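Chemist:
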Amino acid sequence: MTMDTSTIKLSELLRHPDDLDKIPAMKLEYTRKKAAVDSQLRSGLKEQLEVTQADASELHSGGSDEAESGGV
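Numbering (this note's numbering), first residue to last: 2 to 73.
1. Considering residue 10, what are the terminal residues of the alpha helix (DSSP H) in which it resides?
2. Rounded to the nearest angstrom, how far is the Cβ of residue 14 from that of residue 21, given a contact under 8 Å?
3. Give me, in chain order, the residues of the same chain whose beta-carbon lies closer than 6 Å to that of residue 2; leave out the 5 immediate sequence neighbours on both sides.
Structure below.
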């Protein structure tokens, strides 16, 4: 039976009984880091969506302009 990475990491962080007192602070730090990553992902996704929508709109309008002028 092998231990997964999170179990190994947890066993490294909690070596002594007094380390259990660190759990609330560790949870708070994890939550803070997760919120920061979620915010970055949301921002990146929004930016990518805007670029994609602008490009799709440009392709759509560019295609109709080309058809009207006889196209290349």
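Glycine included, every Cβ here is placed at the ideal spot set by N, Cα and C. Being a predicted model, the structure only gives us computed values, none of them experimental.
Modeler: Looking at the atomic coordinates:
1. For residue 10, the enclosing alpha helix (DSSP H) stretches over residues 6-14.
2. That pair is no contact at about 10 Å.
3. Note that residue 2 has pLDDT 46, beneath the 50 cutoff, so the model's placement of it is unreliable and the number below is only indicative. Its chain contains no residue whose beta carbon lies nearer than 6 Å to that of residue 2 once the 5 sequence neighbours on both sides are disregarded.
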